[in-house]
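Number of protein chains: 2
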Amino acid sequence: MNLNDTLFRLKALGVKVTPQRQEILEVLLGEERYYSAEEILKKVQARYPAVSFDTVYRTLNLFKKLGLVVELNFQGGYRRYEFNHADRHHHHLVCLKCGRSQKLACCPTDCLAGIEEENPEFAITGHSFEIYGYCKDCRGQVK
Amino acid sequence: MNLNDTLFRLKALGVKVTPQRQEILEVLLGEERYYSAEEILKKVQARYPAVSFDTVYRTLNLFKKLGLVVELNFQGGYRRYEFNHADRHHHHLVCLKCGRSQKLACCPTDCLAGIEEENPEFAITGHSFEIYGYCKDCRGQVK
DNA sequence: TCCTAGATCAGATTTATTCCGATTTAGGTA
DNA sequence: TACCTAAATCGGAATAAATCTGATCTAGGA
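Sequence lines, in order, name chains G and Z. Oh and the first sequence: position 78 is 188 in my numbering, straight run, nothing missing. Oh and the second sequence: position 143 is 253 in my numbering, straight run, nothing missing.
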């Protein structure tokens, strides 16, 4: 999924393509990692200095609803956002220092199936599975 | 793990046992579910009206460090706390409406082992695995 | 009973996110 | 191409969650 495909998809959904939204997408597509709202704001402001937090948050929430962006709630209450590259559901290996993440092919579907079977009265709507730690570049720097 | 065992453990760790801390523990031990800081505050204030948010948060963070309490970051950025009943690591089936949770015996250890093997350069420190949905009592009420 | 490190209280502060009203604009239409 | 309007943006204010601060209090050891 590249920028043009995504812009086309937005138009098809009747969503206006503004320069700010386009720039936010370019940031998210630039590097496959999680970003904080502030990081995104700073990067977007490099080209559009007047962009506000409000625009960043509104856009991220819109993209989240459209399935273009995934939000993760880190331990400690930090929210991070990543472009939803995958066509299908996936999980992450997340570096707690630099925030970079890598997709994992693995999903604990066997666990989920078992849980669903054992709890038929519970209506499962979703699940989270994230692995935390320190990546190659950061593991030495942990104070 | 009951109240007296826990109080004994606190004393053994050199941590002061105050009435507020004891009451917070009683709340957490009362029902096996996740609580928000505010819910805990309200319940503790029923007996100690002067208790402040500060005390609740400080105590929860202390208990978290001591491993007595588990914190979960819900989607949307809500933090919830639960007494760490289990002697060993476990996961939850969490109701998004009432907040009640039930422990799961299942843990995706096979996934984790595979991930660890495939990413030897990444220092894994932890993982999250939570299943969200609506429990028997709440599934009909979802608006 | 006294003493002191540690805990609490109350309110101020910080930080992340959302809201609001005025202004601007993307994209459809004539 | 110019116009129109719903939707998006801006900037700052408002809100909410969590933490900090400084004065006061207290659990538990001597």
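Using N, Cα and C, we set each Cβ at its ideal position, and we do this for glycine too.
Review point. For the candidate residues Tyr-244/Z, Lys-121/Z, Leu-113/Z, Glu-148/Z, whose alpha-carbon lies nearest to that of Ser-90/Z?
Key: Only positions 111 to 253 of chain Z appear in this structure, which leaves residue 90/Z out of reach.
Exercise for review: Tell me whether the beta-carbon of Leu-214/G lies closer than 8 Å to the beta-carbon of His-200/G.
Suggested key: yes
Exercise for review: Compare the beta carbon distance of Tyr-191/G and Tyr-242/G with 8 Å and say whether it is the shorter of the two.
Suggested key: no
Point to revise | Candidates Arg-189/G, Ile-150/G, Lys-175/G, Val-125/G, of which the one nearest Leu-138/G by Cα | key: Ile-150/G
Review point. So which of Glu-228/G, Leu-203/G, Tyr-244/G has the shortest CA-CA distance to Phe-239/Z?
Key: Leu-203/G
**Study point:** Amino acids of chain Z, ordered along the chain, whose beta-carbon sits closer than 7 Å to that of Cys-221/G
**Key:** Cys-216, Pro-218
Check your understanding: Got a sec? Which residues, its chain only, sit under 7 Å from Glu-170/G by beta carbon, not counting five neighbours each side?
Key -> At residue 170/G the sequence reads Leu, which differs from the Glu that was named. Within the same chain, Leu-170/G has close Cβ partners Ala-147, Val-179, Tyr-191.
Practice item. Whole angstroms is fine: what's the gap from Pro-230/G's alpha carbon to Arg-210/Z's? Key: 16 Å
Review point. For Arg-157/Z, which residues of its own chain have a beta-carbon under 7 Å away from its beta-carbon, when the five flanking residues on both sides are left out?
Key: Glu-133
Check your understanding: Can you give, in chain order, each stretch of the beta strand (DSSP E) that sits fully within the region 168-221 of chain Z and has at least 3 residues?
Key -> 179-183, 189-193, 201-205, 211-214
**Study point:** According to DSSP, residues forming a beta bridge with Ile-241/G
**Key:** Leu-203/G, His-237/Z
Review point. How would you label Arg-143/Z, buried or exposed, when you count the other beta carbons within 10 angstroms and need 16 or more for buried?
Key: buried
Review point. With Arg-249/G and Ala-233/Z assumed to form a contact (beta carbons below 8 Å), what rounded beta-carbon distance in angstroms separates them?
Key: 5 Å
Review point. Do we get a CB-CB distance below 8 Å when we pair Leu-170/G with the residues of chain Z?
Key: no
Review point. Is Val-252/Z buried or exposed, if buried means 16 or more other CB atoms sit within 10 Å of its CB?
Key: Reliability of the predicted coordinates at Val-252/Z is poor, the pLDDT of 39 falling under 50, and the value obtained from them is presented with this limitation in mind. With fewer than 16 Cβ atoms within 10 Å of its Cβ, Val-252/Z is classed as exposed.
Exercise for review: Tell me, please, whether the CB atom of Lys-152/G is closer than 8 Å to any CB atom in chain Z?
Suggested key: no
**Study point:** Asn-114/G: first and last residue of the uninterrupted alpha helix (DSSP H) it sits in
**Key:** 113-122
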